[in-house]
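Here's the structure we're looking at; comments come further down.
Numbering (the numbering used here), first residue to last: 1007 to 1186.
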């Protein structure tokens, strides 16, 4: 990781921590704010991937996958933005489904790394499993207890966790590989 990437990771982690702590202490009806944050993150990431495709990935092998990913994420961001006026539990359950999906993707990547002979597949498997269990537990607890604050606190805790991971990865040593 270069110095610029480390600084960017550190700043992103701080931003995640600040937004999560602000949402944690906002009043009960902060679902619109959460929806806007997620929508803008998805739209920004989708636009960035689309620009990356137009500038570089279209000339690469497998570059169309990046185009498809950009279109799907842009569509997901627009769909999330359209839910802004809906102040119900649907928004947060939708966000937890996205969270569980990223956990499933981590699990699939862990098995792919295991097949490639990597030693770090166990950490990815553990992280992905924890994300899926966390998302399912939050949705079940919310539906059983009929209290939407549980999902809000769970969302804020996942944001704090993501921020701490970003900050920790900014300070983690990385191996430098020299090709001769």
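Here a beta-carbon is modelled for each residue, glycine too, at the ideal position from N, C-alpha and C.
Since the model is a prediction, treat every value here as computed from it, not as a measurement.
Contact check for residue 1109 against residue 1137 passes: the beta carbons are separated by less than 8 Å. Per the Cβ contact rule, the stretch 1104-1118 is not in contact with the stretch 1058-1078 (fewer than 3 Cβ pairs under 8 Å). Taken in chain order, the complete alpha helix (DSSP H) segments of 4 or more residues contained in the stretch 1090-1146 are 1095-1121. Our two residues, residue 1147 and residue 1059, have alpha carbons roughly 41 Å apart in a direct line. About 12 Å separates the CB atoms of residue 1118 and residue 1126; that is not less than 8 Å, and the two are not in contact. Three or more beta-carbon pairs drawn from the stretch 1162-1180 and the stretch 1016-1031 are found closer than 8 Å, and the two stretches are therefore classed as touching.
In the three-state reduction of the DSSP assignment, residue 1032 falls in the coil class.
Under the three-state reduction of DSSP output, residue 1062 falls in the coil class, being neither helix nor strand. For residue 1018, same chain residues with a beta-carbon under 6 Å away, outside a window of 5 residues either side, are 1172 in chain order.
Straight through space, the alpha carbons of residue 1116 and residue 1064 are spaced by roughly 27 Å. In this structure, residue 1090 lies near residue 1041, with their beta-carbon atoms less than 8 Å apart. Secondary structure of residue 1070 (DSSP, three-state): helix. When the beta-carbon positions are compared, residue 1083 and residue 1049 come within less than 8 Å of each other. Around the beta carbon of residue 1045, 16 or more other beta carbons lie within 10 angstroms, which makes this residue buried. In this model, residue 1167 and residue 1160 are separated by some 10 Å (Cα to Cα).
Excluding residues up to 5 positions away in sequence, 1162 lie with their Cβ nearer than 6 Å to the Cβ of residue 1030 in the same chain. Ranked by how close their Cα comes to the Cα of residue 1113, the residues 1051, 1052, 1135 have 1135 in first place.
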